[in-house]
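The listed protein sequences derive, respectively, from chains U and Z.
Position in the first sequence (first residue = 1) + 271 = the working numbering.
Position in the second sequence (first residue = 1) + 271 = the working numbering.
Just so it is clear, CB atoms sit at the ideal spot from N, CA and C, and this is done for glycine as well.
2 protein chains.
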Amino acid sequence: MPEPDTRYHHGNLRETLVTAALRAVDREGADAVSMRQLAREAGVSSAAPFRHFADKQLLLDAVADRAAAQLQSMLDRAATDGTDALTQFRAMTVAYVRYASEHPALFDLIHARPGALSGFLGAVGDERRLKLNALICEGQNAGLIPEADPELITLTSEALTHGLARMVAEGHPRVRALSSEDARKLALAATQLLQRGFGLS
Amino acid sequence: MPEPDTRYHHGNLRETLVTAALRAVDREGADAVSMRQLAREAGVSSAAPFRHFADKQLLLDAVADRAAAQLQSMLDRAATDGTDALTQFRAMTVAYVRYASEHPALFDLIHARPGALSGFLGAVGDERRLKLNALICEGQNAGLIPEADPELITLTSEALTHGLARMVAEGHPRVRALSSEDARKLALAATQLLQRGFGLS
DNA sequence: GCGGCGATGTCAGCGGTGCTCACATCGCCG
DNA sequence: CGGCGATGTGAGCACCGCTGACATCGCCGC
Numbered sequence: 272m273p274e275p276d277t278r279y280h281h282g283n284l285r286e287t288l289v290t291a292a293l294r295a296v297d298r299e300g301a302d303a304v305s306m307r308q309l310a311r312e313a314g315v316s317s318a319a320p321f322r323h324f325a326d327k328q329l330l331l332d333a334v335a336d337r338a339a340a341q342l343q344s345m346l347d348r349a350a351t352d353g354t355d356a357l358t359q360f361r362a363m364t365v366a367y368v369r370y371a372s373e374h375p376a377l378f379d380l381i382h383a384r385p386g387a388l389s390g391f392l393g394a395v396g397d398e399r400r401l402k403l404n405a406l407i408c409e410g411q412n413a414g415l416i417p418e419a420d421p422e423l424i425t426l427t428s429e430a431l432t433h434g435l436a437r438m439v440a441e442g443h444p445r446v447r448a449l450s451s452e453d454a455r456k457l458a459l460a461a462t463q464l465l466q467r468g469f470g471l472s
Numbered sequence: 272m273p274e275p276d277t278r279y280h281h282g283n284l285r286e287t288l289v290t291a292a293l294r295a296v297d298r299e300g301a302d303a304v305s306m307r308q309l310a311r312e313a314g315v316s317s318a319a320p321f322r323h324f325a326d327k328q329l330l331l332d333a334v335a336d337r338a339a340a341q342l343q344s345m346l347d348r349a350a351t352d353g354t355d356a357l358t359q360f361r362a363m364t365v366a367y368v369r370y371a372s373e374h375p376a377l378f379d380l381i382h383a384r385p386g387a388l389s390g391f392l393g394a395v396g397d398e399r400r401l402k403l404n405a406l407i408c409e410g411q412n413a414g415l416i417p418e419a420d421p422e423l424i425t426l427t428s429e430a431l432t433h434g435l436a437r438m439v440a441e442g443h444p445r446v447r448a449l450s451s452e453d454a455r456k457l458a459l460a461a462t463q464l465l466q467r468g469f470g471l472s
């Protein structure tokens, strides 16, 4: 018994596959991973993975779920950094863009669900939107953000940060990381949007 | 001679391949197209396409170039609609988001160049940024847009419109089109950004 | 305790893919 | 008109996603 934690027949394959696939996607992009290669790395036959994932897309979905959870936890953690709404917003923006910069392929995968509800209708998008909305209302009550339709402000700031993140992620696929100076500048720009505020007349 | 415009051996294959690939990408996504399938549709052998494109990526690059040209021409056309900078900006935003909504897979492809300069460093991004910058300076001179670092305003509006476009494109992959009402609303929001204006203190 | 049964893994294989290489064919140019 | 380069062909390689029949393992009820 070389491995104490290997259960069942050969080990807990499902878990092994997901974590290996996540690393592979992160390093080489989503369409560079192959079932057969993952099976080889896990030391099982090429057909074994299909006992756990009916097809490749389902594996990628599982990877996307895990990546989304990672991102979400980073956002949550970032939101605890500041006390007022504005700095929390800024921290979330930085974290979001930073994730896109450091894990462009995973960031892609999260928003690339081909089936039904994707990126902004999926879990991450919803939670993020809720949090942003709450922050904006809080900021308005504190007088930090001008009065205006909160829905519209939320939509706009969401679009702005997502656009920044995508621009960074699309820059050089998995080459250049965002300098912390650049990140600060971008976050500043985004925050300015809220400070100035705007809305339908 | 059934075909008068077929030159050379079998016809002008290169052109045929690019247009067929463009339609295929638009309808079914980039990784749903295959060299062999395209060859079949063109009535040539599976190896023929490789006389014109050393590998699949180069074909997709050509398709992306063509799509980018399409998009660019729509943006140019949209920019002639209005007289003042603000309405021109709004028209460009609508056109940009509309293209992303109607051709999500092509919009993806344009920004997905894996090699060197991609989306925002490529031709479309540059021309768009230049045009936006010009519009903003023009708007500032006309007093329509508050004085502030034009570079920063350009970056922000670029990110905002790109973010909106991606959110729409990611919504339901190639299912739902953007209602003209929604488009108007989004453009309004983006324009508000400029009207209010903002910049580094 | 043990026998059966479901979950898990194996093997061989199907049709598809990107891509290559030796060869055939065509048009143009000297 | 003859040769040559551009273009298309056919066979084939290695890989892929995925399938079905079969083997093996652990657990659960008898």
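- Counting only runs of 3 or more residues that sit fully inside the stretch 332–381 of chain Z, no beta strand (DSSP E) segment turns up.
- Between Pro375 (chain U) and Ala440 (chain U), the C-beta spacing is below 8 angstroms.
- Within chain U, no C-beta atom comes nearer than 7 angstroms to that of Arg298 (chain Z); the closest sits roughly 14 angstroms away.
- Annotation for Leu431 (chain U): the continuous alpha helix (DSSP H) segment containing it runs 421–442.
- Around the beta-carbon of Arg361 (chain Z), 16 or more other beta-carbon atoms lie within 10 Å, marking it buried.
- Boundaries for Glu418 (chain Z): no alpha helix (DSSP H) harbours it, and the DSSP string shows neither H nor E there.
- DSSP places Arg294 (chain U) in the uninterrupted alpha helix (DSSP H) bounded by 284–299.
- Taking all protein chains shown into account, Gln328 (chain U) has fewer than 16 neighbouring C-beta atoms within 10 Å of its C-beta and is therefore exposed.
- DSSP places Ala310 (chain U) inside the alpha helix (DSSP H), whose first and last residues are 306–313.
- Note on geometry: alpha-carbon atoms of Leu377 (chain U) and Gly442 (chain U) lie some 15 angstroms from one another.
- Contacts with chain Z (Cβ-Cβ distance below 9 angstroms) from the stretch 352–374 of chain U involve no residue at all.
- Contact annotation: Arg322 (chain Z) and Val289 (chain Z) have beta-carbon atoms that are not nearer than 8 angstroms.
- The three-state secondary structure of Ala383 (chain U), taken from DSSP, is coil.
- The shortest C-alpha to C-alpha distance from Ala350 (chain Z) to any of Z:Leu309, Z:Leu331, Z:Met306, Z:Leu406 is the one to Z:Leu406.
- Among the residues facing chain Z, Asp302 (chain U) is included, as its CB has a counterpart in that chain under 8 angstroms away.
- Sequence-distant Cβ neighbours of Ala313 (chain Z) in its own chain, meaning closer than 6 angstroms and more than five residues away, are Thr287.
- When Cβ-Cβ separations below 8 angstroms define contact, Thr425 (chain U) makes no contact with chain Z.
- The beta-carbon separation of Leu284 (chain Z) and Ala335 (chain Z), rounded to 19 angstroms, does not stay under the 8 angstroms limit for a contact.
- With a threshold of 8 angstroms between beta carbons, Glu398 (chain U) makes no contact with chain Z.
- Thr432 (chain U) is a Cβ neighbour of Tyr367 (chain U), given a cutoff of 8 angstroms.
- Straight across, the Cα-Cα distance linking Asp397 (chain U) with Ser317 (chain Z) is about 46 angstroms.
- Taking C-beta separations shorter than 8 angstroms and ignoring five residues to either side along the sequence, the partners of Arg307 (chain U) in its chain run Ser317, following chain order.
- The C-beta distance from Gly410 (chain Z) to Arg437 (chain U) rounds to 25 angstroms, too long to meet the 8 angstroms contact threshold.
- The beta carbon of Gln343 (chain U) sits closer than 7 angstroms to the beta carbons of Val395, Glu398 from its chain, once the five residues preceding and following it are set aside; these are given in chain order.
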